[in-house]
Amino acid sequence: MTASVSGDFELTMDELRAVTRYVAEAAEDVLPVFESAHPDDRRPRAALDAAREFTAGARRTRLQRVTSLDAHRAAREASGEAPRLAARAAGDAASAPYLHPIAKSHQVGHILRAAASAARIAEIHAGGDPGAGDAAIARARLRATPVLVGVLRRYPLAPASGSRVGQLMAALDASLRALR
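Under this note's numbering, think of the first position of the sequence shown as 8, with each following residue one higher.
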């Protein structure tokens, strides 16, 4: 029997690992943005390492929670939008093993915000070009596994947001739900 967590529906540990792997891949792609701006701050790297431990089969532990909070603190202290988003993505990866199985739209952010943040970073690095963000969203869609899409579909649509990261997340959400 596979361990699971229950709420409005069930999530198995294998499903949580698939979600965590997806979030960690997005965070890993942009972590160098944070590390180049703050080379002595290891908090986001520690969060990503904790997420990777879980995806490799380790149990969910306090390590993921603590490193997630630390990475989010690093994000608040970061020197600009791109490093802030990169640190937050790493924090999201460490918190993904604790995705709640409750049918609330804000839970979608725990699944997709790191990929949307990576897309926003791509835009920033392209001088604000929204096409770079759209291309990053397309790549994030291609990385999504059927398991990830199945988990996502148990939740309501991503919440509406005026922020660019929120808009990118809604676009990714819609494109993943449209997959057959």
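Just so you know, even glycine gets a beta-carbon here, dropped at the ideal spot from N, CA and C.
Please read all numbers here as calculations on a predicted model, not as lab measurements.
**Request:** Report the three-state DSSP secondary structure of leucine 186 (helix, strand or coil).
**Result:** Along the sequence shown, read from residue 1 onward, the residue named residue 186 stands at position 179. Note: leucine 186 maps to coil in three-state DSSP.
**Prompt:** When you compare only the Cα positions, how much space is there between alanine 126 and glycine 98?
**Reply:** Within the sequence shown, residue 126 is the residue found at index 119, counting from 1. Within the sequence shown, residue 98 is the residue found at index 91, counting from 1. Cα-Cα distance, rounded: 17 angstroms.
**Message:** I'd like to know whether the C-beta atoms of alanine 65 and glycine 116 end up nearer to each other than 8 angstroms.
**Reply:** The residue labelled residue 65 in the question sits at position 58 within the sequence shown. The residue labelled residue 116 in the question sits at position 109 within the sequence shown. Contact check for alanine 65 against glycine 116 fails: the beta carbons are separated by 8 angstroms or more.
**Request:** Specify the secondary structure class of leucine 149 as computed by DSSP and reduced to three states.
**Result:** Translated into positions along the sequence shown, residue 149 becomes position 142. Under the three-state reduction of DSSP output, leucine 149 falls in the helix class.
**Request:** Give every residue of the same chain whose Cβ lies closer than 6 angstroms to the Cβ of valine 156, excluding the five residues on either side of it in the sequence, and list them in chain order.
**Result:** Translated into positions along the sequence shown, residue 156 becomes position 149. Around valine 156: Leu183 and Leu186.
**Asked** Does the Cβ of phenylalanine 61 have 16 or more other Cβ atoms within 10 Å, making it buried, or fewer, making it exposed?
**Response** Taking the sequence shown and counting its residues from 1, one reaches residue 61 at position 54. With 16 or more other Cβ atoms within 10 Å, it is buried.
**Request:** Could you tell me the distance, in whole angstroms, from the CA atom of alanine 10 to the CA atom of lysine 111?
**Result:** Reading the sequence shown from its first residue, position 3 is the one you call residue 10. Reading the sequence shown from its first residue, position 104 is the one you call residue 111. Whole-angstrom Cα-Cα distance: 22 angstroms.
**Item:** For serine 75, the three-state DSSP class (helix, strand or coil)
**Value:** Along the sequence shown, one-based indexing puts residue 75 at 68. Serine 75 falls in the helix class under three-state DSSP.
**Asked** Where does serine 43 fall in DSSP's three states?
**Response** Position 36 of the sequence shown, counted from the start, is the residue given in the question as residue 43. Of the three classes helix, strand and coil, the one that applies to serine 43 here is helix, per DSSP.
**Asked** How would you call proline 90, buried or exposed, if buried means at least 16 neighbouring beta carbons within 10 angstroms?
**Response** The count along the sequence shown starts at 1 and reaches residue 90 at position 83. Looking at its Cβ environment, which holds 16 or more other Cβ atoms inside 10 Å, proline 90 is buried.
**Request:** Out of Gly169, Arg95 and Val154, state which residue places its alpha-carbon closest to the alpha-carbon of valine 37.
**Result:** As a working mapping, residue 37 is identified with position 30 in the sequence shown. Ranking Gly169, Arg95 and Val154 by Cα distance to valine 37 puts Arg95 first.
**Message:** Just to confirm the assignment: which complete beta strand (DSSP E) runs, minimum length 3, are found wholly within the stretch 17-42?
**Reply:** 17-19
**Request:** Pick helix, strand or coil for serine 170, following the three-state DSSP scheme.
**Result:** On the sequence shown, position 163 is the one that residue 170 refers to. In this structure, serine 170 counts as coil in the three-state DSSP scheme.
**Item:** Endpoints, the alpha helix (DSSP H) within which arginine 11 is located
**Value:** Residue mapping note: residue 11 aligns to position 4 of the sequence shown, counting from 1. A quick correction: the sequence has serine, not arginine, at residue 11. Looking at the DSSP string, serine 11 is not in any alpha helix (DSSP H); the run it does join, the beta strand (DSSP E), is 11-13.
**Asked** Who are the near neighbours of valine 12 in its chain, counting only those whose CB is closer than 7 angstroms to its CB and skipping five residues on each side?
**Response** For the purposes of this step, residue 12 is taken as residue 5 along the sequence shown, with counting starting at 1. If the five residues before and after valine 12 are omitted, its C-beta is found closer than 7 angstroms to the C-beta atoms of Leu18 and Pro108, all from its own chain and listed in chain order.
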